[in-house]
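Down below is the structure, laid out as C-alpha cells.
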Amino acid sequence: MISVIALSLAVLAGPGAGEGAAVTDLRVRPAADRTEIVIGVDGEVTATHFALVGPNRIVIDLIGVAPVRPTQYNVGRGGVQKVRVAQFDQDIVRVVIEVDESLAYEVDETDGHVTLSFQNHQGDFEPWSSAGLQSSAPQPAATDANPPAAPAVAPPRLPAAQQPLITVTFTEEPVANVLAAFAEFANRSIVPSADVKAKVITAEVRNQPWEIALEAILSANTMIAREMENGVIVVEDGASLAQRPNSEPLITRQYSIVYVSADSLVSAVQGMLSQGRGRVTANKSSNTLLISDVPSVLAQIDPLIQGLDQRMPQVNISATIAFVDRTTLEQLGVSYDVKDSRGNQFNSRVTGFIDENGDGVFSPDEATDDDVVLLGGNSIAALGNANFPVPSPALQVVTSLVLGRHSLITFLEALQSVTLSDIQAKPTVTVINHREAQIQVGQRTPIRVLDLGAQAGGGGAAVPSATVDYQETGVILRVTPHVTGEQVLLDIHAERSDAVPASSDIGFVFTTQNASTQVLLQDGETTVIGGLTITEKSRVRTGIPLLMDLPVLGALFRNTREQENKRDLLIMVTPHIVRN
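Okay, here's the thing in C-alpha cells:
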C-alpha cells in the first residue's frame, strides 16, 4: 500500500517532478544604492517569498525546480550575512537569505533569473558569486558540532490555494504508515503517540491540501493533531487526551503578577482549571497567584497570564464644568398719594399731617403714621399703585401739588439691573486603562428620614424613628477610559450639584447639572459632551384699572416689571494618554 501512496504523491507533486529547472548560480552585487541577490535558473520557475524576524531572513521558494543538495554560503557584504539553499518539497527549492536588519524588499522574475533587491545601508562592497569562492563550498556533512544547513525554523504554511494537492487511498493501513506518507509529502515531522499506534485507517481523499486531508482523516478516527513549539506535529487519541487531566499528577506553581492586581485574574484562571482538581489562590500582600493543577492545564494557563499581566497605558482626563447664570431686571412704576390735611388720609406711602388746631400750619407734633378716616364732614383721600413700589429703585422722582387742603404726591421709580454669575469647575484625574476613576469636590449633605414605624405592642401609638441619609453634592467626575491606538473611548459622568434649603419643612432641594455619555476622542482632543441653555422671561403689569390701558398716558398709571433669567451649562472633557 505504501508504494501506491508514494506513487500518488509523486503524480500530484506536479508534472516533471525531479526533472524541473535547476539552480545554476547565486550572485550578490551592488546596484546604485541597493543590494541585489540574483538566483540563476535554467528553466521556467514560479517564486513565492516572505520575511521572518529573529534572526532577520528573507525566504524565496522556487516552485518547479529539481532537487538540490543543502548548501550554505557565508557572504558577509551588502547587508547579506548568509545564503542557504535546501530542498523544501519534491519540486520546491527554498533559498534563505540572512540579512542584517528587517527591511522592505522587492522580488523580480525574468527569464533565467529571480532577483531580490533591497536598500543598501552598508556602503560600497565587492560583488560576490557562488562560483570560484573558497567560502562558497558546500558545508560538511551534518554532525553535532556542525548542524545541517537546512532552515532552522519550521516552514510556514502556504495559503491553501498555493499548497500542492494530495490524493490518497488507505485500506486497513496502520496509522504509523499513514502519518509517514503525509510527513514525506509535506516535509514535516509527524509523530504518533503510543495510544494511536495500534489503530488502522481506511480513507480516501482526492485533490485536497495535505493539512485539510490529514485533519479530516484524523477527525474521522477520533484523533487530534497538536503542533509543538519546535514545529513537530504530535498525533494523539482524542478520548485519551480528554481523560489525561484525571491521571496527571497535580503540581503547584507560583505566578508573580507585575502590572495588574492578582485578584483581577482569579476569575479568568478559574475558567481554565481542571474540574474538581484545579484551584487558584491570590496572595494580596505579594500580588501573586498560586495555581495547583496538572501540567497540561498549567501549560495553557502560562500564556494566558502573560497576556493578561501587561503594562497598561494611563490616561489623564481633565474636565471643565462651566455654569453661567445671567439675570436682567427692568422695572418702572408711577404711584400716587392724595391726602386731606383736615380729613381722610392713607399714610402707607407718605407720613400724613393733620392741622388739629386749625391754624393752617403743620407742626411736627401734628404728624401721624396712622390712617385717618373722618366719619363726619367732607373729605377725600386716595392711593394709586402705592402697594406696588419698585424695590431698591435706582431712580426716584417725587412731585407734590397742593390744592387747598389737599395734597397730590406723585412717585416715579425706575430700576435696571444685570446680575452675572460664572461658576467653573475643572476636575482632573489620572487612571489606568479600563479602570474607573472618580473625583469629588464638595460635601455630603445629611438628610433626615422619618419612619412612622409600626404600632407599638398593646395597642399603643406608633413610635416614629429617624435615620440620616447622606447625599453627595459638589463637583463629581466619574470616568472609565479605553485606549484604542491613538484614540480614547470614554465612559464619563460629570456633575455639579448643590443643596438648597427648601421653602417648606421638607428639608432640601438639590440643584443638579450633569451629563453622562460615551465619546471617542483623539489623544489631546477637547470636545463638549454636554450643553444646556435655559431662558426664563417674566413680565408683570399692575396699575389703576381702565387708566393703565390708556394709549400713551397709560404708562402714568401702571407699574411694569420685566425680568429675564438665562442659565448656560457647558461640560467639556480632554483626555491625554500618559506616555512612558
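Here the sequence shown stands for residues 821 to 1400, numbered as in the numbering used here.
The beta-carbon is built from N, C-alpha and C at its ideal position, and this holds for glycine as well.
*Mind checking which residues open and close the alpha helix (DSSP H) that includes A996?*
V995 to A1006
_Proximal residues to T935 (C-beta, below 6 Å), its chain only, five neighbours per side dropped_ = Excluding residues within five positions, the ones whose Cβ falls inside 6 Å are E856, V858 and D928.
*Would you mind giving the Cβ-Cβ distance between V895 and W948, rounded to the nearest angstrom? I have them listed as a contact below 8 Å.*
5 Å
*Taking C-beta to C-beta, are A1006 and W1030 nearer than 7 Å?*
yes
*Please say whether S1094 and D1113 have beta carbons closer to each other than 7 Å?*
yes
*How many whole angstroms separate the CB atoms of L1118 and I1071, which I take to be in contact at a CB cut-off of 8 Å?*
7 Å
_Bridge partner(s) assigned by DSSP for S949_ = R847
*Taking Cβ to Cβ, would you say F990 is nearer than 7 Å to I1032?*
no
*Return the residue from the list G1294, Q910 and V900 that minimises the CA-CA distance to R889.*
Q910
_Quick test of your reading: Q1126 and V1251, contact by CB under 8 Å. State the CB separation rounded to the nearest angstrom._
At roughly 24 Å, the Cβ-Cβ gap does not stay under 8 Å, so Q1126 and V1251 are not in contact.
*Reference G1098; option with closest CA among K1104, S1106, P1115 and T1108*: P1115
*asked:* Whole angstroms are fine: how far does the CA of H1254 sit from the CA of R1401?
replied: Only positions 821 to 1400 of the chain appear in the structure, and residue 1401 is not among them; the question remains open.
*Which residues bound the alpha helix (DSSP H) around A1040?*
W1030 to A1040
*Between the CA atoms of V1308 and A1245 - distance to the nearest angstrom*: Spanning the alpha carbons of A1245 and V1308 requires a straight line of approximately 23 Å.
_Suppose you measure from the CA of D795 to the CA of R1361; what does that come to, to the nearest Å?_
This structure gives no information on residue 795, because the portion of the chain shown stretches from 821 to 1400.
_Using the three-state DSSP reduction, which class does E918 fall into: helix, strand or coil?_
strand
_Host beta strand (DSSP E) of L1223 (start-end)_ = In this chain, the beta strand (DSSP E) harbouring L1223 covers L1215 to L1223.
*Along the beta strand (DSSP E) that carries D1388, what are the first and last residues, could you check?*
R1378 to V1398
*So, N1379 versus F1231, is the Cβ gap smaller than 7 Å?*
no
*Which residues in the same chain as H1396 place their Cβ atom closer than 6 Å to its Cβ, once the five residues preceding and following it in sequence are excluded?*
N1136 and G1344
*When burial is assigned at 16 or more other CB atoms within 10 Å of the CB, is S1168 buried or exposed?*
exposed
*Following the continuous alpha helix (DSSP H) through Q1090, name the residue where it begins and the one where it ends.*
D1083 to Q1090
*Inter-stretch contact (C-beta, 8 Å, three-pair minimum) for the region 1330–1346 and the region 1310–1319*: yes
*Alpha carbon of T1140 to alpha carbon of S1076, nearest angstrom*: 40 Å
*asked:* So, with DSSP's three-state summary, where would you put L1128?
replied: helix
*Tell me whether the beta-carbon of V1295 lies closer than 7 Å to the beta-carbon of G1262.*
yes
*DSSP beta-bridge partners for V927?*
L936
*asked:* Less than 6 Å between C-beta atoms, sequence neighbours within five positions excluded: which residues of the same chain meet that for V879?
replied: F870 and V916
*On the three-state DSSP scale, how would you describe E1356?*
E1356 falls in the strand class under three-state DSSP.
*Taking the Cβ atom as the reference point for each residue, do L999 and P984 lie within a distance shorter than 7 Å?*
It is not a contact, given that the beta carbons lie outside the stated cut-off.
*Got a sec, what are the start and stop residues for the beta strand (DSSP E) T1293 sits in?*
Counting along the chain, the beta strand (DSSP E) containing T1293 begins and ends at S1285 to T1304.
*T1072 lies in the beta strand (DSSP E); which residues open and close that run?*
Annotation for T1072: the continuous beta strand (DSSP E) segment containing it runs I1071 to S1076.
*Does DSSP put S1237 in a helix, in a strand, or in coil?*
Shown here, S1237 sits in a strand according to DSSP, grouped into three states.
*Sort D881, M1048 and V900 by Cα distance to V919 and report the nearest one.*
V900
*Taking R1146 and L1240 to be in contact with their CB atoms under 8 Å, please state how far apart those CB atoms are, rounded to whole angstroms.*
5 Å
*asked:* If you follow the beta strand (DSSP E) that G896 is in, where does it begin and where does it stop?
replied: Looking at the DSSP string, the run of the beta strand (DSSP E) that includes G896 is T891 to R897.
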